[in-house]
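Quick note, the sequence shown lines up with residues -19 to -1, 1 to 392 if you use mature numbering (1 follows the signal peptide of the UniProt record, and there is no 0).
C-beta: ideal position from N, C-alpha, C; glycine also.
Structure, as structure tokens:
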Amino acid sequence: MKSVLAASTAMFLAAPAMAEPSAEVLHWWTSGGEAKSVAVLQDQFKAEGGTWTDMPVAGGGGDAAMTALRARVLAGNAPAAVQLKGPAIQEWYEETGLADIGDVAGENGWAEVLPPQLAEHMKCEDQWCAAPVNVHRINWIWGNKQILDANGIAMPTSWDEFNAAAEKLKAAGITPLAHGGQNWQDATVFETLVLGLGGPDFYRAALIDLNPEALTSDTMKQVFDQLRTLRGYVDDNFSGRDWNLATAMVMNGEAAFQIMGDWAKGEFLAAGKVPGTDFVCWPAPGDGYLYNVDSFAFFEVEGEDKQQGQKLLAKLIMGPEFQKVFNLNKGSIPARTDVALDEFDDCAKQSNADMNADAGDGSLLPSYAHGMALRGAQAGAVTDVVTNFFNSDMSSDDAVQQLADAVAATM
Ligand code: GAL
């Protein structure tokens, strides 16, 4: 008897306890709409028995989050899951390695449900190393419906029309453009102008290929001229303002327009505003679609619980139900192509239709301002010039030369 008991106890002890999945998750989703969205993932993770340790780092665009990430990696203590996107995924893979999530991707058929262009961003040397949550469109203009109606203004179909509307609003004592003077917001407006005024081929030459002729061209000068014009449409307190506070200005009738990606819609929705009634979404004048795909990558960590947590997160992120609910809150559209959009609003439906149309003719383009197009050093070089221009009286001639010089220095 004794020996049987001893044997069974030994067996019991030897049986590996199933590790409970856990994950520390670094992200920068702290605004109203963003927090509501990431809570969907947190809730699903907990419902599956996971322990979620939240590591939110405030700061739109994620610059502060990326600084925090670097500090954690240098300390030898990378978080298990990190909001990471674009070429930064491959840069981190080269620097530290990233967990291979190929088994999760394979079991769940990711290759069959992701657009190929988007799937490419999730691969490191052909292995799956990141999981996409959405597709955000950058080149939108958001408008306060009541202000536009009261002033007889239609959403502009050209930048000249935009300027005419802005002059009219200014004359009526209304701030035309809500803007937050932070580097990444300046860059967001700038890239929208590069695409809007130059077109898809020009955008590609200038901000993907970094072609010196495109960077110093007359078209680029026009882009800076228009940026200077927009500078005249923002209020005096724009410096340093967070993007969601700029969105709130449009919401509250303190400004007419904002040029921002569709996380702004998440903010309107979280405040109970209705598209088409309270606010208007409108693709910024010009052809093409600038995309920004949020994703999570998983650093190589020790511990069965953490590794299980990474796998569970990767699986949940690409789950059809998560992709629907998350994106209904976030303002973006699902990365998966097989999620029905019936419950989505017209802004989302237009985003999806435009994305599909533009994918066919090469005008579906990665956002440089949101880290989808360039490596960090190059994107930073472009943004520094843009921000310096916006905050000084630099001429457009000087700006294009500085742009070309700054980019050349990173090559
Ligand atoms: C973007 C990110 C979005 C949004 C925005 C503002 O870079 O992709 O999800 O949250 O920053 O924080």
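query = Would you say the region 182 to 194 touches the region 366 to 374, given that touching needs at least three Cβ pairs under 8 Å?
reply = Per the Cβ contact rule, the region 182 to 194 is not in contact with the region 366 to 374 (fewer than 3 Cβ pairs under 8 Å).
key: N-terminal and C-terminal residue of the alpha helix (DSSP H) that Asn120 is part of   = Where Asn120 is concerned, there is no enclosing alpha helix (DSSP H), given that its DSSP letter is neither H nor E.
query = Measuring CA to CA, which of Asn192, Ser313, Trp91 is closest to Asn115?
reply = Of the candidates Asn192, Ser313, Trp91, the one whose C-alpha sits nearest the C-alpha of Asn115 is Ser313.
ask   = When the distance is taken between beta carbons, is Trp9 closer than 8 Å to Ala61?
value = Trp9 sits away from Ala61, with the two beta carbons spaced by 8 Å or more.
query = Is Leu346 helix, strand or coil by DSSP?
reply = Strand, per DSSP.
inquiry  = Give me, in chain order, the residues of the same chain whose beta-carbon lies closer than 8 Å to that of Glu29; leave out the 5 immediate sequence neighbours on both sides.
reply    = Closer than 8 Å at Cβ, skipping near neighbours: Pro2, Leu293, Leu297.
inquiry  = With a threshold of 7 Å (Cβ to nearest heavy atom), would Asn164 be considered close to the ligand GAL?
reply    = No, the beta carbon of Asn164 sits no closer than 7 Å to any heavy atom of the ligand GAL.
Same chain, Cβ closer than 7 Å to Val306, neighbours up to 5 away in sequence not counted = Hits under 7 Å: Val21.
query = Helix or strand or just coil, what does DSSP make of Pro266?
reply = Residue state, collapsed to three classes: coil.
key: Exposure of Ala380, with buried meaning 16 or more beta-carbon neighbours within 10 Å   = Ala380 is buried by the Cβ-count criterion.
request  = Please report the Cβ distance between Lys287 and Ala4, rounded to the nearest whole angstrom; I am assuming they are in contact, meaning their Cβ atoms lie under 8 Å.
outcome  = With a contact defined as Cβ atoms closer than 8 Å, Lys287 and Ala4 qualify at about 7 Å.
inquiry  = Between Thr210, Gly162, Asp190, Asn233, which has its C-alpha nearest Met241's C-alpha?
reply    = For the set Thr210, Gly162, Asp190, Asn233, the Cα lying nearest the Cα of Met241 is the one of Gly162.
query = Looking only at its own chain, which residues have a Cβ that is under 8 Å from the Cβ of Pro193, when we skip the five neighbours before and after it?
reply = Non-local C-beta neighbours of Pro193 in its own chain, meaning closer than 8 Å and more than five positions away in sequence, comprise Ala385, Val388, Ala389, ordered along the chain.
message = Nearer than 7 Å: is that true of the beta carbon of Asp275 relative to any heavy atom of the ligand GAL?
response = Indeed, a heavy atom of the ligand GAL lies less than 7 Å from the Cβ.
ask   = Using DSSP with H/G/I as helix, E/B as strand and the rest coil, what is Asp35?
value = Residue state, collapsed to three classes: strand.
task = Report yes if the C-beta of Trp121 is less than 7 Å from at least one heavy atom of the ligand GAL; otherwise report no.
result = Because no heavy atom of the ligand GAL lies under 7 Å away, the Cβ of Trp121 does not count as near it: no.
key: Close-in-space but distant-in-sequence residues of the same chain around Lys(-18) (CB under 6 Å, 5 per side omitted)   = Note that Lys(-18) scores 43 on pLDDT, short of 50, meaning its location in the model is unreliable; the coordinates nonetheless yield the value given after this. Here the set comprises nothing.
request  = Mind checking which residues open and close the alpha helix (DSSP H) that includes Val366?
outcome  = Segment 357 to 371, the alpha helix (DSSP H) holding Val366.
query = Going by the C-beta, is Glu15 closer than 7 Å to any heavy atom of the ligand GAL?
reply = Yes - the ligand GAL has a heavy atom lying nearer than 7 Å to the Cβ of Glu15.
N- and C-terminal bounds of the beta strand (DSSP E) containing Ile240 = Taken as a continuous stretch (DSSP letters only), the beta strand (DSSP E) holding Ile240 covers 236 to 240.
ask   = So which of Phe279, Pro96, Trp123 has the shortest CA-CA distance to Ala265?
value = When only C-alpha atoms are compared, the closest one is Trp123.
inquiry  = By alpha-carbon positions, which one of Gly361, Val6, Phe280, Asp335 ends up nearest to Ala168?
reply    = When only C-alpha atoms are compared, the closest one is Gly361.
ask   = Within the present structure, is the beta-carbon of Gly41 separated from the nearest heavy atom of the ligand GAL by less than 7 Å?
value = It does: the Cβ of Gly41 is within 7 Å (strictly closer) of some heavy atom of the ligand GAL.
request  = Using alpha carbons as the reference points, say which of Pro256, Glu248, Val63 lies closest to Leu36.
outcome  = Here residue 36 turns out to be Met, not Leu, going by the sequence shown. Looking at the Cα atoms, Val63 is the closest of the given residues.
message = Among the candidates Val54, Leu150, Phe249, Phe143, whose CA atom is the shortest distance from the CA of Gly267?
response = Gly267 has its Cα closest to that of Phe143, out of Val54, Leu150, Phe249, Phe143.
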